[in-house]
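Positions in the sequence shown are counted from 1; adding 31 to them yields this note's numbering.
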Amino acid sequence: MRRLIDALADDTDFFIEQVQITAIVFDNSDDVTVWATTYFDQEAHFFHLGLPFQQLDLLLRLAGGRAEALQEDVADALATVQEWPCLLQYNTEAAPPVPLPNVALKLSCTYPADLFEDEEEGEDDDSFDISMNADSEEAEDYDSGQPHNIFYLEDVFLRIEP
């Protein structure tokens, strides 16, 4: 399975369909991250979707027959969470991925914060640098000028069958 960001030609907003939620991650803020898969150009891709909590509720209501159970899962998890982040997984036989039938998501790319810091001119660069160690394996795959595989939800569209 490939990263969705690697399949995009540029960083303009785009649409995806055939989305399946594989995990929901809550931290102690008002935001949530959804881990999901989709088929794009006839291949399976994974991506992360950064959402305000209200948009998660919208997506859960679009989950067809599993909507009510998912909303209960989320409510139970948030009511009983002991440690943050809180993870709900939907990638097993007992809890399979959650399809969003007849839904198209309009997404936009996100960029690392250091991309915009590099563009500022006239500043002395005496700040502390928390960049990756150049000798680590992750550094080989990390390019600070490229968008992350995290997207923002711009809009949700429903397919209406005649």
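Note that CB positions come from ideal geometry on N, CA and C, so glycine has one too.
- If the five residues before and after ALA108 are omitted, its C-beta is found closer than 6 Å to the C-beta atoms of CYS117, LEU119, all from its own chain and listed in chain order.
- By alpha-carbon distance to TRP66, the top candidate from ASP186, PHE78, GLU74, GLN73 is PHE78.
- With fewer than 16 neighbouring CB atoms inside 10 Å of its own CB, THR111 falls in the exposed class.
- GLN73 sits exposed, since fewer than 16 C-beta atoms from the chains shown fall within 10 Å of its C-beta.
- By the neighbour-count definition (other C-beta atoms within 10 Å, threshold 16), ALA100 is an exposed residue.
- Short of 7 Å from the beta carbon of GLN49, and not among the five residues preceding or following it, lie these beta carbons of its own chain, in chain order: THR69, TYR70.
- Burial is judged here by how many other beta carbons sit within 10 angstroms of a residue's own beta carbon; PHE182 has at least 16 and is buried.
- When the Cα atoms are used, LEU131 and LEU93 turn out to be separated by approximately 6 Å.
- Distances from the CA of ALA98 to each of MET32, SER139, ILE52 were compared; the closest alpha carbon is that of ILE52.
- Assigned with DSSP and collapsed to three states, ARG33 falls in strand.
- Taking the C-beta atoms as reference points, ARG34 is found no nearer than 8 Å to ASN133.
- Every unbroken stretch of the beta strand (DSSP E) spanning 3 or more residues and falling wholly within the segment 67 to 128 is given here in chain order: 74 to 83, 117 to 120.
- Check the Cα spacing between MET32 and each of GLU124, ASP61, HIS76: the tightest is with HIS76.
- As computed with DSSP, ASP186 is found in a beta bridge with LYS137.
- THR64 is a Cβ neighbour of LEU80, given a cutoff of 8 Å.
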